[in-house]
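Residue numbers (the working numbering): 23 to 292.
See the structure below:
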């Protein structure tokens with residue numbers, strides 16, 4: 023579930039902050055746990071922390087934290103020092119295409135069987151026919167208040183500035199370290215701001231959506247005091263569905279997640 027929970031940068035014409043270079047590094051455990059907690063608070067699909075941890079451990083090169091030059095990811099103040107994070111899941115094409123259509127749910131991605139084979143350095147290794155086809159799925163992208171300090175002049179005022187910055191680092195690492203044939207990049211956008219940011223980069227909806235519906239009166243616990251998370255259910259809308267689901271009386275859609283994608287090799291997408 024790709025998110026951008028912190029406020030987006032000001033629009034073009036705003037004053038850019040001082041430009042400092044940022045360092046990319048592994049996401050500190052304290053920050054990863056903060057990412058997990060915020061995701062669980064806003065996205066009503068249960069994901070064990072062990073699953074997120076397994077994704078990161080299976081491909082640590084694509085779980086990236088960014089800190090201002092000289093700050094580093096010090097454990098004592100890791101959350102405060104990190105300017106932003108991005109977590110990308112490399113998924114072999116057959117499973118990635120299922121994910122795009124909703125046949126595979128994001129929380130069910132298994133790094134043991136669905137990630138590409140270990141190894142595969144970048145560069146000129148391997149013949150084209152032997153390269154494993156992979157889709158890159160942006161699970162989480164988030165910028166914090168000091169993220170503009172990572173951006174170059176002219177980027178800080180763009181609403182897609184940090185997202186583009188983070189994805190460029192992902193692309194750079196994939197090209198340098200892996201011999202994959204990347205067929206596209208996807209993201210399950212969970213907020214209106216996140217959806218707009220990906221659309222500005224050229225991502226388009228696949229037609230798969232997840233509608234989160236709060237149960238109406240009489241559908242919750244007997245005393246009417248049931249926990250709101252327990253009263254929320256997910257309705258999946260697939261690309262072949264002709265109409266939106268009809269909700270029972272009293273039910274309401276509280277949020278919508280939408281799968282988006284940009285097809286093409288890395289030189290095309292970024």
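Don't be surprised by glycine CBs; every beta carbon is placed ideally from N, CA and C.
Alpha helix (DSSP H) segment containing residue 190, residue limits = Taking the chain shown and counting its residues from 1, one reaches residue 190 at position 168. Its alpha helix (DSSP H) spans residues 183-199.
CB residue 191 to CB residue 57, shorter than 8 Å?
-> As a working mapping, residue 191 is identified with position 169 in the chain shown. As a working mapping, residue 57 is identified with position 35 in the chain shown. No, these two residues do not count as a Cβ contact at 8 Å.
Expressed to the nearest angstrom, what Euclidean distance is found between the alpha-carbon atoms of residue 110 and residue 207?
-> In the chain shown, residue 110 corresponds to position 88, counting from 1. In the chain shown, residue 207 corresponds to position 185, counting from 1. The straight-line gap from Cα to Cα measures roughly 9 Å.
How should residue 198 be labelled, buried or exposed, when 16 other C-beta atoms within 10 angstroms of its C-beta is the threshold for buried?
-> Walking along the chain shown from the start, residue 198 turns up at place 176. Per the 10 Å Cβ criterion, exposed.
Does DSSP put residue 265 in a helix, in a strand, or in coil?
-> Start at 1 with the first residue of the chain shown, and residue 265 comes out as number 243. Under the three-state reduction of DSSP output, residue 265 falls in the coil class, being neither helix nor strand.
Reduced DSSP category for residue 203 - H, G, I as helix; E, B as strand; rest coil | Here the question's residue 203 lines up with position 181 in the chain shown. Correct three-state label for residue 203: strand.
Per DSSP, residue 87 is paired with what?
-> Reading the chain shown from its first residue, position 65 is the one you call residue 87. DSSP output for residue 87 lists 47, 107 as bridge partner(s).
In three-state DSSP terms, what is residue 137?
-> Translated into the one-based positions of the chain shown, residue 137 becomes position 115. Correct three-state label for residue 137: coil.
Which two residues bound the contiguous alpha helix (DSSP H) that contains residue 227?
-> Reading the chain shown from its first residue, position 205 is the one you call residue 227. It is not in any alpha helix (DSSP H) - residue 227 instead sits in the beta strand (DSSP E) that spans 226-236.
Roughly how many whole angstroms lie between the Cα atoms of residue 59 and residue 130?
-> As a first step, residue 59 is located in the chain shown; it is residue number 37 there, counting from the start. As a first step, residue 130 is located in the chain shown; it is residue number 108 there, counting from the start. Near 18 Å, if we compare the C-alpha coordinates of residue 130 and residue 59.
Tell me where the beta strand (DSSP E) around residue 254 begins and ends.
-> Numbered from its first residue, the chain shown carries residue 254 at position 232. DSSP places residue 254 inside the beta strand (DSSP E), whose first and last residues are 254-259.
Close Cβ partners of residue 203 (< 6 Å) along its chain, the five nearest in sequence each way excluded = In the chain shown, residue 203 corresponds to position 181, counting from 1. 153, 155.
Is the stretch 62-73 touching the stretch 113-124 in the sense that three or more CB pairs, one from each, lie closer than 8 Å?
-> no
Just to confirm, are residue 160 and residue 24 a CB contact at a threshold of 8 Å?
-> Locating residue 160 in the chain shown gives position 138, counting from the first residue. Locating residue 24 in the chain shown gives position 2, counting from the first residue. Yes, they are a contact pair.
From the DSSP output, which residues share a beta bridge with residue 275?
-> Indexing the chain shown from 1 puts residue 275 at position 253. For residue 275, which the question treats as bridged, DSSP gives the partners 235.
For residue 285, the residue or residues it bridges with in DSSP = On the chain shown, residue 285 is found 263 positions in, with the first residue counted as 1. Beta-bridge pairing links residue 285 to 206.
How many Å lie between residue 112 and residue 53 at the Cα?
-> By 1-based counting over the chain shown, the position of residue 112 is 90. By 1-based counting over the chain shown, the position of residue 53 is 31. About 21 Å.
Could you please give the first and the last residue of the uninterrupted beta strand (DSSP E) stretch that includes residue 161?
-> As a first step, residue 161 is located in the chain shown; it is residue number 139 there, counting from the start. Taken as a continuous stretch (DSSP letters only), the beta strand (DSSP E) holding residue 161 covers 154-165.
Cβ pair residue 225, residue 283 closer than 8 Å = What you label residue 225 is simply residue 203 of the chain shown in a count that begins at 1. What you label residue 283 is simply residue 261 of the chain shown in a count that begins at 1. Contact flag set, yes.
Keeping to the same chain, check which residues put their C-beta closer than 8 Å to that of residue 286; ignore five residues upstream and five downstream.
-> Position 264 of the chain shown, counting from 1, holds the residue named residue 286. Excluding residues within five positions, the ones whose Cβ falls inside 8 Å are 205, 206.
Where residue 133 and residue 115 are concerned, what is the direct C-alpha to C-alpha distance, given to the nearest angstrom?
-> Counting from one through the chain shown, the residue named residue 133 turns up at place 111. Counting from one through the chain shown, the residue named residue 115 turns up at place 93. Each residue's Cα considered, the two are about 13 Å apart.
Do residue 277 and residue 220 have their C-beta atoms within less than 8 Å of each other?
-> Indexing the chain shown from 1 puts residue 277 at position 255. Indexing the chain shown from 1 puts residue 220 at position 198. Their beta carbons are not under 8 Å apart, which means residue 277 does not touch residue 220 by this criterion.
Within 10 angstroms of its Cβ, does residue 214 collect 16 or more other Cβ (buried), or is it exposed?
-> Position 192 of the chain shown, counted from the start, is the residue given in the question as residue 214. With fewer than 16 Cβ atoms within 10 Å of its Cβ, residue 214 is classed as exposed.
Could you say which of 265, 257, 262 lies nearest to residue 273 if we only look at CA atoms?
-> Within the chain shown, residue 273 is the residue found at index 251, counting from 1. Nearest in C-alpha terms to residue 273, of all of 265, 257, 262, is 257.
Reducing DSSP to helix, strand and coil, say where residue 73 ends up.
-> As a first step, residue 73 is located in the chain shown; it is residue number 51 there, counting from the start. Three-state DSSP puts residue 73 in a helix.
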